[in-house]
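Notes follow once the structure below has been shown.
Chains as they are written, first to last, in the working numbering: chain A, 1 to 336; chain H, 1001 to 1336.
If you want it as structure tokens, here you go:
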């Protein structure tokens, strides 16, 4: 009962490595448009559902109360590279609530954006929680607690009202009930609730369209999508896959990566949601699968196809810049 | 025709990800002691065969002519972290041949050892070819060419006499003929010749024992093993898997990682060679498989078992240091 190979890694004349996984493309009524592999097995969605987690920040009124603009909304949905603009944006979110980085429980790590990490080193500084790729989401949680008029401390605990609201929102979007034991602790210490890919994709179809959602939630989803489309740099960062895709496609495609090979996307014009999990946790493969499925379902023009070519079959270069191979999607991802 | 799951990634109550692969344990006559998955499919061994590539440096007389000691021999077998001691050692190897880093064709990259990378940044320096994790192997190739009295330039080309000698040595050790088209370009630009795991494991059984090898080659293998056992820090670096294993086990266990989920080991006391390839290219899984197989075949004392416990089932911690999961080997790796 194994999932199919979705991506092959080619070097020289051989397939050097291969990534198995599953992917679901679903409409807002929950109808499966495409299912590859086992899409009914719960998986941890990790950071791929930050936009769903951010619904709580919108619906508690935190975004309006603290006058968040597009940059702040995009940061709440982000796995950012810790570049100075990201860090300043998250600090601004917290300052609007009268708080600072001490309120964040995500832990610190060096920016994944190398030049930003090196700038910190040169300044003799250490990374703080603001540099954590999840700091925008955490600032959103803290601000949601403030807007709810409750203690924001311990906001990462599964029983904290903010996380209860997050779980409820994800369940409603996905049309699934998640047991309280179907939970892992994420890299940034918040709960990650296990969901089947079919339901995760449905959640993003609803996020894409607002179909079947209460008006307030549909509006919250629309504002988050519009913010990410307008400020895609704040969702990931310089040169990153999610940023590059949304920079090109704007409101036509919402994408979000998650740890351990998870990827979600929303296609508003097609009314579809996409959810992907690579069995082995490989992000390089999840990006190729996402690019291939978006290329398959989006009505693409010539400019789109040029963007897709590089994302669907990325080349591998060695330390001398020589092309030594490529990633290649399986035929089953491409055939319509 | 898929390989079995060899390692599971556990988070919370669930298997979050899983790594498939194949592994062969073989004696010096080529008899399979254990075969998991498809061990007859050629794979690129990448950096896992650096010790076999280094045989040419020994057999051309380069190591003696340039009075290489244990540190230099270990560096020729290394994928090092670019720490200052590694960089100085490789510079020393080249200086003995009257050359410097300009002779290296591996390209440069930032040290994988973070503190060493940060020290470069603070000094306002950029990484050179000396910092490339493969620089010791490349210095060995360059010095071999010098000892052969031939032009060292273009030493990375498959048709250069050094690479022809490397291919011949690997074929003889493995007891296999590799077609000239069965080649990929490695991350450091040298050829990587595809071999089945069964033959790769046989090569390391011979490397472990000298069984069936001409006396000069058996002596070269013995000296390389002794050097890596005596100076394991030079084979990888601070906190790295290969270094930690050889620090503990000394001459009882030789180990070497390779890119894309490859791992090789030699067990001299048991007369066995081990070769592992994770289908998806995951190094985290290859290390767990290696640790589990070494634990299974080495006659372990209590101190050994304490070391193995942490390597066979490594814990996963998040940015706050909370244990959120673990890697776990499949039962088939453990049962005897």
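C-beta atoms are modelled at their ideal positions from N, C-alpha and C, and glycine is treated no differently.
None of these values were measured; they are calculated from a predicted model.
Asked	Found
Contact criterion: CB-CB distance below 7 angstroms. Does residue 1160 (chain H) meet it with respect to chain A?	no
Identify each residue in the segment 239 to 271 of chain A for which the Cβ-Cβ distance to at least one residue of chain H is less than 8 angstroms, and report them in chain order.	260 and 261
Below 8 angstroms on the Cβ atoms is my contact criterion, and I expect residue 1276 (chain H) with residue 1262 (chain H) to pass it. Report the Cβ-Cβ distance as a whole number of Å.	7 angstroms
Considering just the uninterrupted stretch of the beta strand (DSSP E) at residue 264 (chain A), what are its terminal residues?	262 to 267
So that I know if they touch, is there some Cβ in chain A lying closer than 7 angstroms to that of residue 1280 (chain H)?	yes
Mind listing which residues of the segment 1102 to 1115 of chain H have their C-beta closer than 9 angstroms to chain A's C-betas, in chain order?	1105, 1106, 1107, 1108, 1109, 1110 and 1114
Could you work out which residues of chain A lie near residue 1086 (chain H), taking near to mean beta carbons separated by less than 8 angstroms?	Going along chain A, no residue has its Cβ under 8 angstroms from residue 1086 (chain H), so there is no contact; the nearest lies around 16 angstroms.
According to the Cβ coordinates, are residue 205 (chain A) and residue 28 (chain A) closer than 7 angstroms?	yes
Quick one: does residue 1008 (chain H) have its CB under 7 angstroms from some CB of chain A?	no
Going along the chain, which residues of the segment 115 to 132 of chain A sit with their C-beta nearer than 7 angstroms to a C-beta in chain H?	118, 121, 122 and 132
Would you check if the segment 1194 to 1211 of chain H and the segment 1252 to 1269 of chain H touch, i.e. whether three or more CB-CB distances between them fall below 8 angstroms?	yes
Is the beta carbon of residue 1081 (chain H) closer than 7 angstroms to that of residue 1279 (chain H)?	no
Below 8 angstroms on C-beta distance, what does residue 33 (chain A) contact in chain H?	Result: empty, since nearest Cβ-Cβ is about 26 angstroms, beyond 8 angstroms.
Select from A:95, A:69 and A:192 the residue whose C-alpha is nearest the C-alpha of residue 353 (chain A).	Coverage of chain A is limited to positions 1 through 336, which leaves residue 353 (chain A) absent and any answer about it impossible.
Have a look at A:256, A:100 and A:112 and flag the residue whose alpha-carbon is nearest the alpha-carbon of residue 138 (chain A).	A:100
Using a Cβ-Cβ cut-off of 7 angstroms, state whether residue 1319 (chain H) counts as contacting chain A.	yes
Using 7 angstroms as the threshold, is the C-beta distance between residue 220 (chain A) and residue 246 (chain A) below it?	no
Please classify residue 53 (chain A) as buried or exposed, where buried requires at least 16 neighbouring CB atoms within 10 angstroms.	buried
Under 7 angstroms Cβ-Cβ, which residues of chain A neighbour residue 1019 (chain H)?	280
Please report whether the beta-carbon of residue 185 (chain A) lies at a distance below 7 angstroms from any beta-carbon of chain H.	yes
Please list, in chain order, all residues of the same chain as residue 330 (chain A) whose beta carbon is under 8 angstroms from its beta carbon, the five residues on each side excluded.	4, 5, 6, 7 and 8
For the segment 1165 to 1183 of chain H, enumerate the residues whose C-beta is nearer than 8 angstroms to any C-beta of chain A, in chain order.	1181, 1182 and 1183
With respect to the alpha helix (DSSP H) encompassing residue 1312 (chain H), which residues constitute its N-terminal and C-terminal limits?	1302 to 1312
Does the distance from the C-beta atom of residue 1369 (chain H) to that of residue 1175 (chain H) stay below 7 angstroms?	As displayed, chain H neither begins before 1001 nor continues past 1336, which places residue 1369 (chain H) out of reach and without an answer.
Would you list the one or two residues that DSSP bridges to residue 1275 (chain H)?	H:1024 and H:1264
Which of the three DSSP states is assigned to residue 1243 (chain H) in this structure?	helix
Should residue 1292 (chain H) and residue 1312 (chain H) be called a contact, given that it needs their Cβ atoms to be closer than 7 angstroms?	yes
Hey, does residue 1324 (chain H) have any beta-carbon neighbour from chain A nearer than 7 angstroms?	yes
State yes or no: is the beta carbon of residue 135 (chain A) nearer than 7 angstroms to at least one beta carbon in chain H?	no
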